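My numbering puts the first residue of the sequence shown at 566, with every later residue one more than the last.
Where is the CB? At the ideal position from N, CA and C, for every residue including glycine.
Note that this is a predicted model, so its numbers are computed, not measured.
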Amino acid sequence: MPRRLATILAAGTFALLAVLGAASPAAAAVSTEQKLSVLSSWTQTSATSYNNWNSGRLNKAAWSEYAFDWSTDYCSSSPDNPLGFNFSLSCYRHDFGYRNYKAMGQFPANKSRLDSAFYADLKRVCATYNAVVRPACYSLAWTYYQAVSVFGSVAAVQQADIDRAARMKADAERRAALR
Numbered sequence: 566m567p568r569r570l571a572t573i574l575a576a577g578t579f580a581l582l583a584v585l586g587a588a589s590p591a592a593a594a595v596s597t598e599q600k601l602s603v604l605s606s607w608t609q610t611s612a613t614s615y616n617n618w619n620s621g622r623l624n625k626a627a628w629s630e631y632a633f634d635w636s637t638d639y640c641s642s643s644p645d646n647p648l649g650f651n652f653s654l655s656c657y658r659h660d661f662g663y664r665n666y667k668a669m670g671q672f673p674a675n676k677s678r679l680d681s682a683f684y685a686d687l688k689r690v691c692a693t694y695n696a697v698v699r700p701a702c703y704s705l706a707w708t709y710y711q712a713v714s715v716f717g718s719v720a721a722v723q724q725a726d727i728d729r730a731a732r733m734k735a736d737a738e739r740r741a742a743l744r
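Put into structure tokens, the structure is as follows:
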């Protein structure tokens, strides 16, 4: 009788694992369609998409079977925090989209959306700053977006662009202090 009970328990456990998708390595494998679906959902322009990507970033182990490329150089050779505006995670998500769509051979069809999501992320960052300096942040966000949209990299941001935004920020702060 103990052998029969062990067989029943083993069969039940196997059935449960099969339902959960963990009965075999083949059952746990992620299809190309599944990977592209998650990748697409994490690279849209919405805050929800950004938040879902960031949740995945903070819990990479849960997504390990998708074999995403999480590497980043943030904003390449452009400042990650120009004038104190924190663009790091926006650049990280942009790298995530570029690297993973390139690896899947789907980059050209998705580049425009990835760049638009980047710009939306940057504008959300800017919205968190004081209204006095926000225009300077939006100016930099537009510059960073144009660099990736036209040249494919924020490395194309020029020091003159940052200097222009710095003057804009300083002038706005000076005017606000006089009020």
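In the structure shown, VAL595 falls within a coil segment according to DSSP collapsed to helix, strand and coil. By the neighbour-count definition (other C-beta atoms within 10 Å, threshold 16), ALA735 is an exposed residue.
Annotation for LYS625: TRP635 place their beta carbon closer than 7 Å to its own, counting only its chain and skipping 5 residues before and after. Cα atoms of TRP618 and ALA632: separation of roughly 14 Å, rounded to the nearest angstrom. In this structure, ALA725 sits away from ALA701, with a CB-CB distance that is not shorter than 8 Å. Under the DSSP assignment, ARG744 falls outside any alpha helix (DSSP H); it carries neither an H nor an E label.
In this structure, DSSP gives TRP635 a state outside helix and strand, which the three-state scheme calls coil. If you draw a straight line from the Cα of GLN671 to the Cα of VAL697, it comes to about 41 Å. Taking a cut-off of 8 Å for Cβ pairs, the stretch 681-691 and the stretch 602-611 touch, as three or more such pairs fall below it. Distance between GLN599 and SER681, taken at the CA atoms: about 23 Å.
Taking all protein chains shown into account, VAL715 has fewer than 16 neighbouring C-beta atoms within 10 Å of its C-beta and is therefore exposed. Nearest in C-alpha terms to LEU679, of all of ASP660, ALA692, ALA741, SER602, is ASP660. For ALA627, no alpha helix (DSSP H) run applies, since DSSP gives it neither H nor E. By the neighbour-count definition (other C-beta atoms within 10 Å, threshold 16), ARG744 is an exposed residue.
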